[in-house]
Every structure is written in C-alpha cells, then in structure tokens.
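Chains as they are written, first to last, in the working numbering: chain F, 8 to 118; chain E, 12 to 208; chain X, 54 to 682.
To keep things clear, I will list the structure first and then write my remarks on it.
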Amino acid sequence: MWFGVAAPPLAWAVQLLAGWFVDEAHCSRGGAMWGIDDHLWQALISTLAVLVAAAGVAAATTTFRAVRAGAGDPRGRVEFLAVTSLSAALLFLLLTLMTAFAVVSVEPCRG
Amino acid sequence: MSQPLAVPVALQRGRPLAWWGMLMLIATEAVLFGSMIGSYFYIRFKAVHWPPPGVPEPKVLVPTLLTLVLLLSSGGAALAQWAARRGVANRAALGLAVTAALAAIYAVGTTATLVGEWHDAAATRDAYDSLFFTLQGAHVAHVAVGVLANLYLLAKIEGRRGLTQYRVNGVWAMSLYWHFVNALAVLVLLTTISPAL
Amino acid sequence: MATVIGRRELEQLESTWAEERGLKTFFTTVDHKKIGKRYLVTSFAFFIAAGLEALAMRTQLAVPDAGVIGPKVYNELFSMHGVTMIFFFITPMLNGFGNYIVPLQIGARDMAFPRMNALSYWIYLASGLFMYSSFLLGEAPNDGWFNYVPLAEKFFTPGLNIDYYNLGLLFLTMSSTVGATNFLVTIFKLRAPGMSLNRIPLFCWGILAQSFSLIFALPALSTANIFLELQRKLGFHFFDRSHGGDSLLWQHLFWIFGHPDVYIIFLPAIGIVSTIVPVFARRALVAREWMVLATVTTAFIGFGVWVHHMFATGLSNVTYVFYAAASMMIVIPSGVQIFGWLATILKGRPVIRSPFLYVLGFIVTFVIGGVTGVMFAAIPFDQQTTDSFFVVAHFHYVLFGGAVFPIFAAIHYWFPKITGRMLDERLATWSFWLFFIGFNLTFFPMHLMGLEGMPRRVYTYHPGLGWDVYNLLSTIGAFTLAVGILGTIVNVVWSRRSGAVAGDDPWGANTLEWATSSPPPEFNFAAIPVVHSEDPNWDREDRLEDARRIERAELTLSEGHETIGTDWLDGNIEEIHESPSESPWPLMLALALTWLFVALLSGHWVFAGIGLGLVAVALGGWHLKEPGE
C-alpha cells in the first residue's frame with residue numbers, strides 16, 4: 008500500500024529534478040565538458056519515471072481492490088489511503104507521461 | 012497523573028513529542044543544507060574551471076580524518092539514548108560526554124583548518140571560496156550547538172541528581188540530532204572535496 | 054453539572070488550567086486561544102498598514118503624472134506592501150485561526166508545544182516591528198518583495214534597505230518554522246481517540262499541508278537571505294558574475310520558496326472553505342477523500358513549478374517544459390475542489406449567511422484567478438505578459454480571492470466561537486458587497502492595463518497610452534474596497550460588546566470546536582471527546598456520551614495540566630501528555646533574538662556575539678524548570 012502512496016509522486020519528482028539537472032549540465036559552460044547527450048538522458052529518465060509511476064498505479068489498484076473485497080479497518084483509514092493513493096497515482100502517471108512527451112520533443116538550449 | 016478509561020490504548024507507547032519536534036527541525040535544516048549544497052553544484056556547473064584559476068584544490072586528508080572522528084560520536088549518542096531509556100543515568104551521562112568530546116574535537120579541528128585556509132584563500136575572493144566557507148561554517152555551527160546542548164543535559168543529570176522523563180526525552184531527541192549532523196558531515200565533506208576527486 | 058463527581062472534575066480542571074488575569078500573564082501566557090487571538094489582531098493591523106500602502110499607490114496612479122509620490126518612496130511602498138501582505142498578514146492571520154481552532158477541532162487541550170507557540174508569536178511581533186522600523190530611517194526594503202539581484206547587491210543599493218529585508222525575513226522565518234513544527238506534531242500526535250487519519254477535519258489538513266510546505270520551502274529563502282547578507286556585509290560572492298557567482302541563483306532559491314509560499318497561503322484558506330461549505334449547505338462534503346487529496350497533491354506539485362516565474366530569463370526550453378507541464382497539471386486538484394464545493398452546495402439545502410457570502414465570493418474570484426494562471430502556464434503567453442499589470446491582476450485574484458475572502462469568511466464564521474457573540478448580519482452583508490464590488494473594480498481593469506502594455510512597479514505613467522481610464526477605475530475600486538473592510542472592522546468592534554449572544558453552536562456545525570462553549574473554557578473540553586466519524590459534532594449520541602463521561606470522571610484528565618497523545622495513523626491512545634504552563638522564557642528568547650538581529654543589522658559584531666550569548670542563556674532558562682516541577 009505504501010508503495011502505491013509514495014512511488015508515483017516520487018517518480019515525478021525524480022523525473023523533474025534529474026531531467027532539469029541533466030539539461031542544465033548539458034547547456035552550461037562548465038558541464039558541456041562532460042559531453043552529455045541531452046535527448047538520450049531525458050528519454051531514459053522519463054521512461055524510468057513513467058514505468059515507476061505505472062507500477063505505483065498497479066500497487067494502488069491492488070490495495071483498492073483488496074479494500075473493496077473487505078480488507079479495510081473499521082475506522083476507514085485504509086480505504087481512505089487506498090482511494091487517495093489510486094487517484095494520486097493516476098494523476099502523477101499522467102503528469103510523467105505529459106512531461107516525457109514534452110521533454111523529448113523540444114530542442115534543448117535556446118540560442 | 013490521570014488515568015483514562017474505557018477507550019482502547021495502543022499496544023506500544025510512541026516516541027516523545029520532543030523527538031517528533033526534533034524530527035521536524037532536522038527536516039528543515041536538511042533542506043537548508045540541501046539548498047546550500049545545491050547552490051554549490053549549480054555554481055560549479057556555471058564555471059568552466061573549478062576551482063577557479065589560481066585557487067588550490069581542497070585538502071582531503073585532514074577533513075576526512077576529522078569527519079571520521081565525528082562519526083564515532085553517533086556511537087556515543089546511541090549509548091546515551093539506550094541508557095537513558097532504561098533509566099541508567101551514569102551510562103547516559105557517559106554517552107553524552109563521549110559524544111560531546113568527539114564532536115568538540117571535530118569542531119575545534121575544522122575551525123582551525125578553516126582559519127588556516129582563510130589566510131591563503133579568503134571567502135571574499137570568489138564564489139568557490141564563499142560557498143566552501145559558508146558550507147563548512149554552517150556545519151561547524153550546528154556541531155557546536157549540539158556540543159553545548161549535550162553539556163547542558165550532562166550538567167542537569169549530574170548536578171540535579173539523575174534522569175527525569177523530560178531529560179530522557181531530551182537525550183532521545185539529541186541523539187537523533189547527532190545522527191543527522193553526522194550524516195550531514197559526510198555530505199558536506201564530499202561536496203567540499205569534490206573538486207579533488 | 055448534575056453530579057458531585059462531575060462538579061469536582063470541573064473545579065479541578067478550572068483550577069489547574071486557569072491563568073490569572075493581569076500584566077504578568079500577558080507576557081507569560083502559553084494558552085493557544087490567547088495566542089491565536091493575538092495573531093489575529095496583530096496580523097489584521099499589518100493588513101491595514103499594507104492596505105494603506107496600497108491606497109497610497111493607487112492614489113499616485115489614479116491619474117497620469119500625478120506627482121503625489123516620488124519614485125524612491127513608491128519603490129518602498131510596493132516592496133513593503135508585498136512583504137507585509139505576504140509575510141506579516143496573510144500567513145500569520147491563517148495561523149492565528151489555526152492556533153485558536155486546530156486544538157479544538159482535534160479535541161485537544163492545547164498545542165503540542167505551548168511555550169514554542171508563545172515564542173512564535175513574540176518572534177513574529179518582533180520581526181514585524183523590526184521590519185517596519187526601516188520606515189523610521191527612510192530605508193525600507195525597496196527592491197520588490199522578491200528582491201532580485203543585482204539591484205539588491207551592495208553596489209546598487211548601498212543603504213540598509215536590503216539588509217532590513219534579509220535580516221527581517223530570517224528573523225520571521227524562525228517564527229514560521231517553530232509554528233509549522235508545532236502544528237505538525239499537534240495534528241499528528243494530539244488528536245482525540247478515534248480520530249484516524251481519514252477523520253481529520255479539512256481545515257487541519259490545510260494547516261498540515263501548509264506546515265509541511267513551510268518546513269521544506271522556508272530554508273531555500275533563508276539560504277538566499279544568508280548568502281545575500283554575507284555578500285553585502287562581509288564581501289562574500291554568490292550572485293555576482295564577476296567573481297564566479299550567478300544572478301539567477303537568487304531567483305532559483307527565492308522561487309523554490311516563493312512558489313510553495315502561495316500554496317502555504319492558499320491551502321489553509323481552502324481548508325476554511327471546506328469547513329464552512331458543509332455547514333451552510335447543510336450536508337457533508339461531497340467526495341471528501343478527494344478534497345483531502347487535492348490539498349496534499351497541490352502542496353506536493355507546488356514544489357515543482359517554480360521556474361514558471363523565470364520563463365523570461367533565457368533558460369533552456371527543455372528546462373522550461375518540465376515546469377510548464379507541472380504548472381498546467383496543478384490546476385487539476387484545484388479544479389476537483391471547486392467542483393466538490395459546488396456539488397456540495399447544489400446537493401444540499403444552502404442557507405445564506407455572511408460567512409457563506411464570502412465563500413461564494415471566493416469561488417468566483419479564485420476561479421477567475423485560476424483561469425489567468427493557466428494562461429500563464431503557456432510559456433509564449435507568459436513571455437509576453439510577464440512584468441505587466443496582467444500579472445498583478447492574476448496574483449491579486451488568486452491571493453485576495455483565494456485567501457483574503459476565506460479569511461473574511463473565517464472572521465464571520467468563528468467570531469461567535471471566539472467572542473461568544475454574533476456579528477450583525479445586515480452590516481456584514483453591506484460590507485461584503487462593497488468588498489466584492491470594490492475588489493473586482495480594483496483588479497479587473499488591471500488585466501486590461503496589462504494587455505495594453507502597462508508595466509508593473511512603475512511610479513507613474515504618461516497620458517495618452519490608453520491606460521488612464523482603467524487606472525482611475527482601479528483607484529475608485531480600491532477606496533470602495535477599503536470602505537467594505539472598514540464596515541467589517543466596525544462590525545467586529547461593535548459586536549464584541551453588543552452582538553447577540555451566540556451559544557455553543559449557532560451555525561449547527563459538524564466540527565468539534567462547536568461541541569464546547571463560546572468562548573471555550575481554558576481547558577477546552579471537560580472530557581476529551583471520542584470520535585467515530587468525519588463529522589463529529591453531527592453525531593449527537595457521541596457528544597451526549599462525552600457529557601456522561603464527565604460524570605464518571607473518564608477521560609477528564611483533571612489531575613494535571615494534561616492532554617491525550619495518540620498515534621498518527623489510527624487515533625489510538627498512546628500516552629497522557631503533561632503540558633507546560635505560563636513561562637517567561639518565550640518572551641525572553643524573542644528579546645534576545647531581537648538584540649541579535651539589531652546588532653547584525655548595524656554591523657556591530659561584538660554586540661551580535663553578546664546577542665548569541667543571550668540567546669543561549671534564554672534557551673538554558675527555558676529548559677531549566679521541567680513540566681511537573
């Protein structure tokens with residue numbers, strides 16, 4: 008259950024930070040010496056992020072189904088986490104996909 | 012103390028509120044250092060030569076040794092926590108003292124190296140130096156505050172006869188603080204010696 | 054109380070928790086209700102100060118080439134207006150409500166750290182006075198509320214203006230950090246038995262999301278402030294290109310704080326809206342879990358959009374799209390919430406009273422602000438309208454609409470609980486309409502001014518550029534808005550003494566603060582409430598059972614200054630927590646810090662060293678006497 012709660016947001020966060028870091032490194036004078044291929048790295052980071060987010064969706068769905076079948080607690084706390092984590096996981100999957108498409112389509116480093 | 016009735020009680024008592032408060036303080040300080048370390052690497056990638064021309068590479072051996080000394084203090088902190096939670100006042104005091112002593116060695120040693128390096132390469136010379144001194148200085152300040160807190164707790168335990176729940180909570184919270192400061196020491200060390208790696 | 058046992062419990066609680074009336078208690082109180090009231094009054098005073106600054110600016114801009122205020126003073130006015138509104142009014146005001154209401158809504162007797170609570174207030178007051186003392190020297194911060202370098206560097210602004218900015222904010226940050234820590238630990242650990250994670254009230258969720266955001270965002274600002282002060286006072290280099298630094302570093306650090314800051318402002322405000330809507334719609338909140346989720350995801354995604362404030366700085370397009378994507382997606386949770394509130398209202402049987410009017414006003418204005426916000430997420434549009442009055446219009450719609458309307462709703466909603474009296478509904482309604490019309494008249498024309506090319510932060514403009522009519526309308530709107538606010542002030546002052554008596558629960562509300570008297574007794578609840586649902590005050594049986602517990606001396610915790618501690622997930626009792634009572638040390642520590650900051654401002658390092666010593670002494674004194682001694 009906790010993987011479904013935590014993994015999709017973290018996947019997006021890592022995609023954002025790692026992708027930004029790679030792009031800054033690629034486009035800045037100091038980092039240019041490292042010879043990073045922006046498109047390749049962005050594609051790798053984004054693919055990984057999308058896969059982890061999708062795994063999070065799967066985990067959250069499993070928890071949700073289990074609660075539906077009666078695995079919850081009397082105060083409703085587990086059901087609450089199941090519903091919210093599934094909704095969040097879908098949102099973050101959408102966000103990672105959207106970012107992934109954008110990032111591999113755009114030309115890095117403005118003139 | 013009052014006794015509540017007729018409602019379920021959790022099987023295991025939780026950590027004291029002071030510990031949770033310390034956790035929040037650690038979170039915020041972690042982000043503070045994260046911003047400074049992030050700024051260091053941000054500036055680094057903007058610079059073609061790092062360190063800038065004419066600036067010597069950072070020393071590696073002495074800072075690493077001092078950091079290893081500091082890391083041992085986590086052992087002292089763990090001892091203090093273990094003993095305090097079991098009510099063994101003299102072992103808790105020992106743990107506090109050992110931690111404070113090791114941390115003090117680190118603090119004095121690092122301050123001495125920083126003062127020495129200032130003569131060769133003051134922080135006012137370049138962004139590289141400014142970041143170096145600010146990072147190190149901020150970390151030493153956190154260590155110094157920890158030493159003072161440990162000494163205060165020690166004085167209370169020795170001078171006012173033993174452990175109370177309040178003091179146990181304090182030792183527990185401080186032990187968390189020391190683990191954090193020590194983990195941070197490794198990150199600050201790796202950042203500041205990174206040009207030499 | 055019917056029985057001997059019940060009466061004895063109440064007497065014991067009263068004597069344990071009572072704070073004497075008098076000057077000493079004024080300086081040593083740790084009662085969250087008194088501290089909450091102080092926050093509300095002090096932050097409203099800053100609101101009026103910032104409002105007067107705004108009226109001065111609008112007067113100057115009413116007509117072209119007005120010549121009323123010159124550029125030097127104008128720069129200080131717009132900078133202090135922003136700094137005051139954001140740092141000294143809006144967040145403290147929301148935290149004032151948080152301070153008063155959160156312990157009540159979770160069924161606790163006080164915050165987790167009562168002395169730290171007092172400390173956060175005293176530091177807030179001290180830092181506000183510190184910041185405003187800059188006006189006395191004629192050197193108020195003058196580089197805008199975001200204080201960009203290189204203008205903020207010593208070479209371009211040699212006076213104390215920017216030092217005031219850096220040190221004042223570092224000082225205030227301590228208050229916010231301490232406050233956020235307090236709220237987090239309180240909401241996680243001090244809830245009533247049975248209040249599991251899913252039963253936490255929406256306002257408390259808002260405060261929770263805000264506090265997490267504060268913990269993670271404030272240090273970025275502090276880093277920026279520390280770096281700039283070191284550069285200005287000691288000649289370090291962080292932002293100057295000539296010595297290896299980078300000006301954009303300031304912008305990154307500032308906005309990594311600055312964007313989450315708007316959610317820090319917004320999230321408790323929507324917590325207030327989610328509190329008020331079910332009460333006046335007379336039904337439980339629709340899709341409650343999604344409303345909670347929206348709050349938390351907005352806070353989280355809010356940390357990943359900051360570069361949208363920098364779309365015009367020349368960074369790489371690939372960098373930009375990360376943030377543009379996130380900036381568009383962050384609308385989804387907010388949209389879900391708007392639909393949730395609307396659905397609750399439509400499916401309920403709404404009763405229109407003054408708190409609800411302000412909530413409706415919020416929905417209209419916030420949606421308008423949100424729409425222009427999404428427009429800004431489109432990078433090309435942003436690059437055309439950045440630094441124009443269109444931006445000013447947008448953020449006033451989202452900040453004023455998104456937070457000030459809810460604050461006024463909260464004033465009208467919780468006034469009965471805090472004072473025991475009702476506000477006058479007719480005056481409140483008139484004030485609301487002047488407020489709403491005045492607000493829209495002030496800020497709607499700014500969209501058009503911006504699209505016509507008027508830049509922000511200009512102290513005057515020439516005639517014939519097509520801006521004249523809009524500016525005049527905007528100024529008329531501003532004065533109308535001021536009259537509306539004045540109406541509320543008069544209402545509050547008059548009704549405190551002469552309003553109708555409120556009783557425990559005048560609104561028929563669903564949260565626990567209404568399960569005790571208005572105002573509440575010092576100990577909040579005679580018996581700690583036990584909770585079985587998300588709308589505890591609508592569970593009449595449970596509340597009657599609480600009253601019966603007093604007669605049995607169960608969960609009354611009357612033998613010490615105590616409250617219940619529970620586990621963070623399920624609300625099972627873990628411990629009885631002994632709370633500290635009145636203490637002089639929070640004030641002493643705040644005074645020691647004031648000494649330290651004044652010394653740093655003036656550059657007297659010896660005095661600063663003494664200040665550090667005083668801080669250490671105050672901390673030592675704080676921990677000397679232990680609760681229970």
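Yeah, the Cβ is synthetic: ideal placement off N, Cα and C, and Gly gets one too.
From a predicted model like this one, the values you see are computed outputs, not experimental measurements.
Among the residues facing chain X, G63 of chain F is not included, as its CB has no counterpart in that chain under 7 Å away. Taking a cut-off of 8 Å on C-beta distances, the stretch 171-181 of chain E touches the stretch 87-98 of chain E, as three or more cross pairs fall below it. For E615 of chain X, the enclosing beta strand (DSSP E) starts and ends at E615 to T619. Counting along the chain, H630 of chain X sits inside the beta strand (DSSP E) bounded by residues I626 to E631.
Restricting attention to X:V155, X:E342, X:P246 and X:L487, the CA atom closest to the CA of S264 of chain X is found in X:V155. Under the Cβ distance rule, S35 of chain F does not count among the residues neighbouring chain X, no pair being separated by less than 7 Å. Separation of G624 of chain X and P246 of chain X (C-alpha to C-alpha, rounded to the nearest whole angstrom) is 5 Å.
A Cβ-Cβ contact shorter than 7 Å links G149 of chain X with L93 of chain X. With its beta carbon at least 7 Å from every one in chain E, A25 of chain F lies outside the interface. Between G422 of chain X and G454 of chain X, the beta carbon gap of about 5 Å places them in contact (Cβ cut-off 8 Å). Of the residues assessed, A262 of chain X falls on the buried side of the cut-off, its CB having 16 or more other CB atoms within 10 angstroms. Only residues of its own chain outside the window of five on either side were considered, and among them none has a CB closer than 6 Å to the CB of S369 of chain X. Annotation for A98 of chain X: the continuous alpha helix (DSSP H) segment containing it runs H85 to L114. Note on D131 of chain E: under 16 other CB atoms within 10 angstroms of its CB, so exposed under the neighbour-count rule. The DSSP-derived three-state label of S441 of chain X is strand.
For the 7 Å CB-CB criterion, A322 of chain X and A456 of chain X form a contact. The alpha-carbon separation between V444 of chain X and F131 of chain X amounts to approximately 14 Å. In this structure, DSSP gives V554 of chain X an extended state, which the three-state scheme calls strand. For A13 of chain F, no chain E residue has a C-beta closer than 8 Å to its own C-beta; the minimum C-beta separation is roughly 16 Å. Using a Cβ distance threshold of 7 Å, A96 of chain F and A67 of chain F count as a contacting pair.
Comparing C-alpha distances from A273 of chain X to each of X:N251, X:L287 and X:H312 shows the shortest one belongs to X:H312. Per the DSSP secondary-structure output, P508 of chain X pairs in a beta bridge with X:S441. Distance from the Cα of F650 of chain X is smallest, within the candidate group X:G181, X:V358 and X:D314, for X:G181. Judged by DSSP secondary structure, V238 of chain X falls within the alpha helix (DSSP H) whose first and last residues are N214 to K242.
In the pairwise beta carbon analysis, the stretch 590-601 of chain X is classified as not touching the stretch 125-145 of chain X: fewer than three pairs are separated by under 8 Å.
With fewer than 16 other CB atoms across the displayed protein chains lying within 10 angstroms of its CB, W658 of chain X is exposed.
For P508 of chain X and S586 of chain X, the gap between their C-alpha atoms comes out near 52 Å. At a C-beta separation below 8 Å, G673 of chain X has these neighbours in chain E: Y163. Sorting X:L243, X:L172 and X:F209 by C-alpha distance to the C-alpha of L157 of chain X places X:L243 at the top. Taking each of E:N161, E:G25 and E:A41 in turn and checking the Cα distance to A196 of chain E, the smallest one comes out for E:A41. At a beta-carbon threshold of 7 Å, none of the residues of chain X lie near V74 of chain F; the nearest stands roughly 12 Å away. In this structure the stretch 288-299 of chain X does not lie against the stretch 214-221 of chain X, because fewer than three pairs of beta carbons, one per stretch, are closer than 8 Å. Within the stretch 558-624 of chain X, the runs of beta strand (DSSP E) that reach at least 3 residues and sit entirely inside it are, in chain order, 615-619. For D30 of chain F, the uninterrupted alpha helix (DSSP H) segment begins and ends at W9 to C34. The beta carbons of T397 of chain X and V330 of chain X sit closer together than 7 Å. Going by DSSP, A171 of chain X is part of the alpha helix (DSSP H) stretching over P167 to L189.
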